[in-house]
Structures are given as structure tokens and as C-alpha cells.
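Visitor: To start, I am sharing the structure in question, which I have written as C-alpha cells.
In this note's numbering, the protein residues as written are 67 to 231.
Right, dumping it as C-alpha cells:
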């Protein structure tokens, strides 16, 4: 008869541990930095497909082929790095602005990763892309990142990177 209460206690403890353990971040409200451009919306962060990882193409560009990519994303970026942004499907590139917003998966926090501000101007064609822009970035912490790219205040693409150094 003592086995039934003991079994019940063990089963309850097991369910409690399983129910309280997760390898995924608990969804909570995202807090946007005060100085983030007003066109960046909380709902944008609901569109992240964490399974759509950036891939290497054209030898050294890492991103979403025929949409956007970066030269330099495979280099250590936690202490600063130069990244060259490449975008396809951009008309009037020299009149287009690029806003870059970083989202850290593990903490659910939003960060400015460009060292000069949220937004930079684009240049002309380069490496087969319709537009490009050099920049300096600093990734605040290691982990999985979704990098949101906005062109002229509209969401253009999301790049998913694992950055560990």
C-alpha cells in the first residue's frame, strides 16, 4: 500500500520538473529601445523563422540568396567587425536607406548592431547585388540572432545567424 503514495509523489515530481523545464525562451513582451526608428514594430519580431538560417553563397556572402547577405558575418563580431551588406531587388540604390536591427533569441532583446546608428545609406551594385553598404558592427552577446533589414522604412528581409565570437 505504501507503493501507491510513493509512486504518486514521484510521478508528481517528474511532471513538475518536465513542466518547468524548456529549452525555448518563454514568449514575453518585447521592449523596443527608446531611440529605435518608429517604423520598427513589435509585430515584426513575430515573423522570425529561426529554422531559416543564413547560407553561404557566391563564395563568401552569408545570407538569403538573391535577397540579402553579408560579407564578414563569419568573422568574430562580438568586439567589432566590418560587414559589407548586399541586397538584391533594390532600385535607386543610392537613394535608399538601410536600417539594421538585431534581435537576440535567448534574451528576447532588441539591439542596435551598427556602430554608427540604426540607419546607413546604400551604394550601387557590387558582387552581383543591386546595392551594397560597408559598415562596422558590434554584436553585444553570443548566441542566435535575427538581423532585420529595413529599406526605406519597410521590412526587407531577416537574416538568422549564430554568432559565438
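Backbone N, C-alpha and C fix where the C-beta goes; we use that ideal spot for every residue, glycine too.
Buried or exposed for residue 92, going by 16 or more other Cβ atoms inside 10 Å?
Guide: For residue 92, the predicted structure reports a pLDDT of 39, less than 50, and the residue's modelled location is therefore unreliable. The matter cannot be settled from this model.
Visitor: Give me the DSSP bridge partner(s) of residue 148.
Guide: According to DSSP, which records beta bridges pairwise, residue 148 is partnered with 202.
Visitor: What residue range is occupied by the uninterrupted beta strand (DSSP E) comprising residue 230?
Guide: Premise fails: residue 230 is in no beta strand (DSSP E) and is neither H nor E.
Visitor: Would you call residue 104 buried or exposed, if buried means 16 or more other Cβ atoms sit within 10 Å of its Cβ?
Guide: exposed
Visitor: Taking DSSP as the reference, what is the three-state secondary structure of residue 113?
Guide: helix
Visitor: By the three-class DSSP mapping on this structure, what secondary structure does residue 159 have?
Guide: DSSP places residue 159 in helix when its eight states are reduced to three.
Visitor: Out of curiosity, what's the CA-to-CA distance linking residue 147 and residue 206?
Guide: 12 Å
Visitor: Quick check on residue 210: does DSSP put it in helix, strand or coil?
Guide: strand
Visitor: Looking only at DSSP bridge pairs, what is residue 133 linked to?
Guide: Answer is none; residue 133 lacks a bridge partner.
Visitor: Evaluate the contact criterion for the region 159-168 versus the region 180-188: three or more CB pairs, one atom per stretch, below 8 Å.
Guide: The way I'd put it, the region 159-168 does touch the region 180-188; three or more beta-carbon pairs between them come closer than 8 Å.
Visitor: Return yes when the Cβ of residue 184 is within less than 9 Å of the Cβ of residue 165, no when it is not.
Guide: yes
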